[in-house]
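The structure under discussion appears below in the form of structure tokens.
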């Protein structure tokens, strides 16, 4: 594996990517370098795809407790094009708007992909965020129930995107933590 040196990014492409994302030129170039380092040498990066396993092993994602969900949400059938990577990095950029971050967090936290965050989804989120030795299963269930009681405005025992957004926008910790630096 080496650099896809025969097809480096042209200035016009770089500017277009910058217009279409929340990324700086430097971030786009670093992502390009990282992407190309995983591509076969001499290949055109615009035609290559990386596996979710390759992307999840990158230092930016390797320690993230949601890396598998992030890769599932941002990949196309388990593969990443360069533009898929840019889209993912753009959402996690500090410049991305809060509503975009909330929309993708919702998709990442919706483990059963039913369009809602229910008690089971919340328990999965909590388990991934905490050290399992610090909370018992009963405490995890109780915390998930408490979150639902606070954020479930229509009392249907699950959070819609609107309810999730309502709760997350009020949480400065969420907006500060929903970042990945590339």
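Numbering (the UniProt record's numbering), first residue to last: 1 to 182. Even glycine gets a Cβ: it sits at the ideal position worked out from N, Cα and C. Treat the numbers as computed from the prediction; the structure is a model and nothing was measured.
Own chain, CB closer than 6 Å to residue i, minus 5 neighbours either side, in chain order
i           : result
residue 193 : Here the chain covers residues 1 to 182 and nothing more, so residue 193 does not appear.
residue 111 : 121 and 124
Burial state of residue i (16 or more Cβ within 10 Å)
i           : result
residue 168 : buried
residue 32  : buried
residue 154 : exposed
residue 21  : buried
residue 183 : Residue numbering for the chain in the displayed model covers 1 to 182; residue 183 lies beyond these limits and cannot be assessed.
residue 91  : buried
Segment limits, alpha helix (DSSP H) that includes residue i
i           : result
residue 135 : Neither: residue 135 is in no alpha helix (DSSP H) and is coded neither H nor E.
residue 13  : 11 to 20
residue 37  : 25 to 37
residue 71  : 67 to 74
residue 177 : 172 to 177
Neighbourhood of residue i by C-beta, 8 Å cutoff - its chain only, sequence neighbours within 5 removed
i           : result
residue 10  : none
residue 150 : 167
residue 105 : 164, 168, 174 and 178
Same chain only: Cβ atoms within 7 Å of residue i, ignoring 5 sequence neighbours per side
i           : result
residue 93  : 22 and 23
residue 54  : 38
residue 34  : 58
residue 109 : 117, 121 and 125
Residues that residue i bridges to, as DSSP identifies them
i          : result
residue 79 : 51 and 76
Practice task
Decide yes or no for the touch test of the segment 44 to 52 against the segment 93 to 113: beta carbon pairs closer than 8 Å, at least 3 of them.
Solution key: no
Practice task
Could you tell me whether the segment 130 to 149 touches the segment 55 to 63, using the rule of 3 or more Cβ pairs below 8 Å?
Solution key: Contact annotation: the segment 130 to 149 does not touch the segment 55 to 63, with fewer than three C-beta pairs closer than 8 Å.
Practice task
Evaluate contact between the segment 160 to 180 and the segment 35 to 43, counting only Cβ atoms and requiring at least three cross-stretch pairs below 8 Å.
Solution key: The segment 160 to 180, when compared against the segment 35 to 43, does not touch it at the 8 Å Cβ threshold.
Exercise for the section: Would you check if the segment 132 to 145 and the segment 69 to 86 touch, i.e. whether three or more CB-CB distances between them fall below 8 Å? Expected result: no
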